[in-house]
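Here the sequence shown is numbered in the UniProt record's numbering, starting from 1 and rising by one per residue. Glycine included, C-beta positions come from ideal geometry on N, C-alpha and C. These numbers were taken from a predicted model, which means no experiment stands behind them. Here the structure comes first, spelled out in structure tokens, and everything after it is commentary.
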Amino acid sequence: MVILAQLIKLQDYITRYEWDTYRYPSQYIRLKQDNWKKLYDRWLNPTEEPENSVLEDTDSSRISKLKSFLKKDAITSEEVEPEPEEILPNTEAELKQYFLDQLFDFQLKWATSTVTERSVMHKKYQDDSLLKFFLQRFPDSYLLLYFPIFSIKKAPVDGEILLIGPLGIEIIYIAETEEGASFIAGEERTWTIQGEKESRKMLNPLIALKRTEQIVRSILRTKDIEFPVHKTVLSRTNLIINHYEPYQTRMIDKRSFEEWFQEKRSSSSPLKSSQLKAAGTLLIHCQTTSVKRPEWDEEAITFTFADDEKK
Numbered sequence: 001m002v003i004l005a006q007l008i009k010l011q012d013y014i015t016r017y018e019w020d021t022y023r024y025p026s027q028y029i030r031l032k033q034d035n036w037k038k039l040y041d042r043w044l045n046p047t048e049e050p051e052n053s054v055l056e057d058t059d060s061s062r063i064s065k066l067k068s069f070l071k072k073d074a075i076t077s078e079e080v081e082p083e084p085e086e087i088l089p090n091t092e093a094e095l096k097q098y099f100l101d102q103l104f105d106f107q108l109k110w111a112t113s114t115v116t117e118r119s120v121m122h123k124k125y126q127d128d129s130l131l132k133f134f135l136q137r138f139p140d141s142y143l144l145l146y147f148p149i150f151s152i153k154k155a156p157v158d159g160e161i162l163l164i165g166p167l168g169i170e171i172i173y174i175a176e177t178e179e180g181a182s183f184i185a186g187e188e189r190t191w192t193i194q195g196e197k198e199s200r201k202m203l204n205p206l207i208a209l210k211r212t213e214q215i216v217r218s219i220l221r222t223k224d225i226e227f228p229v230h231k232t233v234l235s236r237t238n239l240i241i242n243h244y245e246p247y248q249t250r251m252i253d254k255r256s257f258e259e260w261f262q263e264k265r266s267s268s269s270p271l272k273s274s275q276l277k278a279a280g281t282l283l284i285h286c287q288t289t290s291v292k293r294p295e296w297d298e299e300a301i302t303f304t305f306a307d308d309e310k311k
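Below is the structure:
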């Protein structure tokens, strides 16, 4: 089985999950399962004619047909030359990683565009190792908001990473630095990064976590949503030396990381209605920066999709 968490918000980019937070998480899981089966069958039987591309998006398929209908003679950015013949990996482990990479690109597309609008994504996200870690190592029942920008009283406010699981929301601050250094935690406004040769100060991560927690809780209250919210300082590579345990905050360093990680990986809970409701409410209060696709005849699209929904 191939697992991959769902990227429902990337910074302030428009996301397909904003359209329908209840529909797209389930559709993503179904697409993932169907396309993995097709790819795996093709890998086992390479001489057979492939049915579709590595990852088929049902929305994109309908959109392509619609765009072709609307502009028969036009060539859009998505109507490119046919891809060269696909060469699949030799081992099953390599095949899974190959599919994960395809899914990663697919998720970036869903997290930066809708049928009628798109955002200009910074190229850094295509090689963002931290983003890949959260997406490629966690089950698809987890919904990820990656450094979302909230719109609070029409003002943008940066948020930390939000990992929304079936049982609650985890707000995560990543504290990682050079190898061999340790974080000395305290109750003051600053922490100390103790390196092998020198030390330096950093802003206490709990300040950023608390700010994001207050935003999240206030948003959930607007819809009377009761959903657990927890805070985590996470360091996969360094030690965190602390002499107290902050309220509702876990300190996960390289000593406890594996236990925390396996706890998430072993989750078998499916998507839950309360989880989707919380995610959708948070998305409503996120800032979105996008532009309309110039090639769309919006009235024709609305009519076609509305008509399709009646069938």
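Check	Outcome
Within the stretch 199-226, ranges of the alpha helix (DSSP H) (whole runs, at least 4 residues)	205-222
Distance between residue 36 and residue 93 (C-alpha atoms, nearest Å)	13 angstroms
Residue range of the unbroken alpha helix (DSSP H) whose run includes residue 13	Where residue 13 is concerned, there is no enclosing alpha helix (DSSP H), given that its DSSP letter is neither H nor E.
Length of the line joining the Cα atoms of residue 111 and residue 104	10 angstroms
Among 179, 34, 198, 3, nearest to residue 134 - alpha-carbon criterion	3
Burial state of residue 155, where buried means 16 or more other Cβ atoms lie within 10 Å	exposed
Member of 146, 167, 168, 151 whose CA lies at the smallest distance from the CA of residue 160	146
Check whether residue 39 and residue 99 have beta carbons under 8 angstroms apart	yes
Own chain residues within Cβ distance below 8 angstroms of residue 225, not counting five before or after	274, 277, 278, 281
Run of the alpha helix (DSSP H) containing residue 101, from where it starts to where it stops	92-110
Assumed close pair residue 283, residue 8 - CB separation to whole angstroms, cut-off 8 angstroms	7 angstroms
Extent of the continuous beta strand (DSSP E) to which residue 32 belongs	Counting along the chain, residue 32 falls outside any beta strand (DSSP E), though it belongs to the alpha helix (DSSP H) covering 23-44.
Of the residues 215, 42, 210, the one placed nearest residue 231, counting alpha carbons only	210
Residues bridged to residue 134 [DSSP beta-bridge criterion]	Bridge partners of residue 134: none, in fact.
Distance between residue 21 and residue 46 (C-alpha atoms, nearest Å)	37 angstroms
Check whether residue 228 and residue 169 have beta carbons under 8 angstroms apart	yes
6 angstroms Cβ shell around residue 148 - same chain, five flanking residues per side excluded	9, 159, 286
Span of the beta strand (DSSP E), counted from its first residue to its last, around residue 262	Taken as a continuous stretch (DSSP letters only), residue 262 belongs to no beta strand (DSSP E), being part of the alpha helix (DSSP H) at 257-265.
Run of the alpha helix (DSSP H) containing residue 281, from where it starts to where it stops	273-284
beta-carbon residue 180 near the ligand GTP non-hydrogen atom, thresh 7 angstroms	The ligand GTP is absent from the structure shown, which contains no ligand whatsoever.
Proximity below 8 angstroms, CB of residue 203 to CB of residue 249	no
Residue burial classification, residue 6 (beta-carbon count within 10 angstroms, cutoff 16)	buried
Residue 137 versus residue 258: straight-line alpha-carbon distance, rounded	12 angstroms
Among 12, 264, 241, nearest to residue 122 - alpha-carbon criterion	12
Through-space distance from residue 89 to residue 327, alpha-carbon basis	Any answer about residue 327 is impossible in this case: the structure gives the chain only from 1 up to 311.
Helix, strand or coil at residue 151 [DSSP, three-state]	strand
Whether residue 234 touches residue 193 by CB criterion (8 angstroms)	no
For residue 166 and residue 320, the rounded distance between their alpha carbons	Past the edges of the chain, shown from 1 to 311, lies residue 320, and the structure says nothing about it.
Spatial distance of residue 314 from residue 200 (CA atoms)	Any question about residue 314 goes unanswered here, given that the chain covers just 1 to 311.
C-alpha distance - residue 114 paired with residue 292, whole-angstrom precision	9 angstroms
Which of helix, strand or coil DSSP assigns to residue 194	strand
Backbone CA spacing between residue 310 and residue 129 [nearest angstrom]	At residue 310 the pLDDT is 42, less than 50, meaning the model places this residue with poor confidence and gives no usable figure here.
Rounded C-alpha distance that separates residue 220 from residue 162	14 angstroms
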